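Residue numbers (the UniProt record's numbering): 1 to 113.
The following block contains the structure:
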């Protein structure tokens, strides 16, 4: 059995009321200089929060395709959520050591979600 690598996410349909801090009129340096507490609690920055459609990255797994459903069930039990909420996205190793390809798009190993 050939083992495949998968990224496990929560399907976006099961996530609601997600917002992202998106100050379009600020430079990256200005954003980085803000205090975290101000970003979350200051009414001055409230206008920068935008609704976003997101998916939640949970983990990676390696298993044979035939074992995927069983492994998803184990992950669901660990996170205490229904297995039907999860999606296993196959990954293909790229030419670089830290590159993976998903649906033809290059992605880094690290997740920002």
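Note that CB positions come from ideal geometry on N, CA and C, so glycine has one too.
Here the structure is a predicted model, which is why all the values come from computation and not from measurement.
Cβ shell of residue i (< 8 angstroms), same chain only, five flanking positions each side left out
i	result
residue 19	49, 50, 51 and 52
residue 60	5, 6, 7, 8 and 91
residue 32	none
DSSP three-state assignment for residue i, whether helix, strand or coil
i	result
residue 34	coil
residue 15	coil
residue 87	strand
residue 4	strand
residue 111	Low local confidence applies: a pLDDT of 41 at residue 111 is under 50, so the model's placement there is unreliable, and no value is given.
residue 80	coil
residue 97	With a pLDDT of 49 at residue 97, under the threshold of 50, the modelled position of this residue cannot be trusted; read the value that follows with caution. In this structure, residue 97 counts as coil in the three-state DSSP scheme.
Contacts around residue i, its chain only, beta-carbon distance under 6 angstroms, and the 5 residues preceding and following it disregarded
i	result
residue 58	8
residue 68	88
Beta-carbon contacts of residue i that lie in its chain and below 7 angstroms, excluding the five residues immediately before and after
i	result
residue 105	Any reading at residue 105 must be qualified, since the residue scores a pLDDT of 46, below 50, and its modelled position is unreliable; the value itself is stated next. None.
residue 65	4
residue 14	85
In DSSP terms, what residue i is bridged to
i	result
residue 20	50
residue 9	57 and 87
residue 63	4
residue 70	Looking at the DSSP assignment, residue 70 forms no beta bridge with any residue, so it has no partner.
Exercise. Is the region 19-29 touching the region 37-49 in the sense that three or more CB pairs, one from each, lie closer than 8 angstroms?
Worked result: Because the criterion of three Cβ pairs below 8 angstroms is met, the region 37-49 and the region 19-29 touch.
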